[in-house]
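Residue numbers (my numbering): 3 to 139.
Note that beta-carbon positions come from the ideal geometry of N, C-alpha and C, so glycine has one too.
No experiment lies behind these values; they were computed from the predicted model shown.
Here the structure is laid out as structure tokens; the discussion comes afterwards.
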Amino acid sequence: LLRPSCIPEKEICLATVEEEEEVVLWEKIESVRHELTRSLNPAKLTPYLRQCRVIDEQDEEEVLSSCRFPYKSNRTGHLMDILRCRGKRGYEAFLESLEFYYPEHFIRLTGREPAQRCSMILGRDTTPFSLPSCAVA
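Okay, here's the thing in structure tokens:
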């Protein structure tokens, strides 16, 4: 494996480990994809996901209103695909949204009881205005 000389080997190893962890996390979600796409309502999740800034207005419009996705299960699947493209941040926001709105799915995926009431990812990005760090349940 060739690496650019400007990137230290340690950073490349850490990036590889993080990428592998991300794949494992998403594989867990994919293993129950059919059940999730049939039981989740994307319209319930998108406002929170926009607040976390893992999707934007265009993503939300595409998921909720596109004629390419005539059924709720299609819309939910497309939302999950968008979140997967957002990497670990998409995974974290998706789990948080499940924790708030679908605790039974959160428990199944994580093995933990929903306890978190403050977002772990809100406010991570530097923005020109201050975002609240707690989501409204």
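What residue from R35, T18, V26 and Q53 has the CA that sits closest to S99's CA?
Comparing Cα-Cα distances from S99 to each of R35, T18, V26 and Q53, the minimum goes to Q53.
Identify, in the order they occur along the chain, each residue of the same chain with its Cβ nearer than 7 Å to the Cβ of A45, setting aside the five sequence neighbours on each side.
Hits under 7 Å: L66.
Quick one, are the C-beta atoms of Y85 and F96 less than 8 Å apart?
The residue asked about is misnamed: residue 85 is Leu in this sequence, not Tyr. Cβ distance < 8 Å, so L85 and F96 count as in contact.
For P134, which residues in the same chain have their Cβ closer than 6 Å to its Cβ, ignoring the five residues on either side in sequence?
Residue placement at P134 is poorly supported in this model, since its pLDDT is 39, which falls under 50; the coordinates still yield a value, given next. There are no such residues.
Hey, V34 and G92 are a contact pair by Cβ (cut 8 Å); roughly how many whole angstroms apart?
The Cβ separation is near 17 Å, so there is no contact.
To the nearest angstrom, how far is it from the Cα of P72 to the Cα of E115?
One C-alpha to the other measures close to 33 Å.
Mark T78 as exposed unless 16 or more other C-beta atoms lie within 10 angstroms of its C-beta, in which case mark it buried.
T78 is buried by the Cβ-count criterion.
Give me the residue from K90, C69, D61 and G89 with the minimum Cα distance to L81.
It is D61 whose Cα lies nearest to the Cα of L81.
Rounded to whole angstroms, what is the Cα-Cα separation between S68 and K74?
So the alpha carbons of these two residues sit roughly 11 Å apart.
Can you look up A117 in the DSSP assignment and give me helix, strand or coil?
Coil, per DSSP.
Using the three-state DSSP reduction, which class does C54 fall into: helix, strand or coil?
Of the three classes helix, strand and coil, the one that applies to C54 here is coil, per DSSP.
From this set, E59, K90, T112 and I109, which residue's C-alpha is nearest E22's C-alpha?
Ranking the options by Cα distance to E22, first place goes to K90.
Under three-state DSSP, which class holds R71?
Reading off the sequence shown, one finds Phe at residue 71, where the question assumed Arg. Here F71 sits in coil by DSSP.
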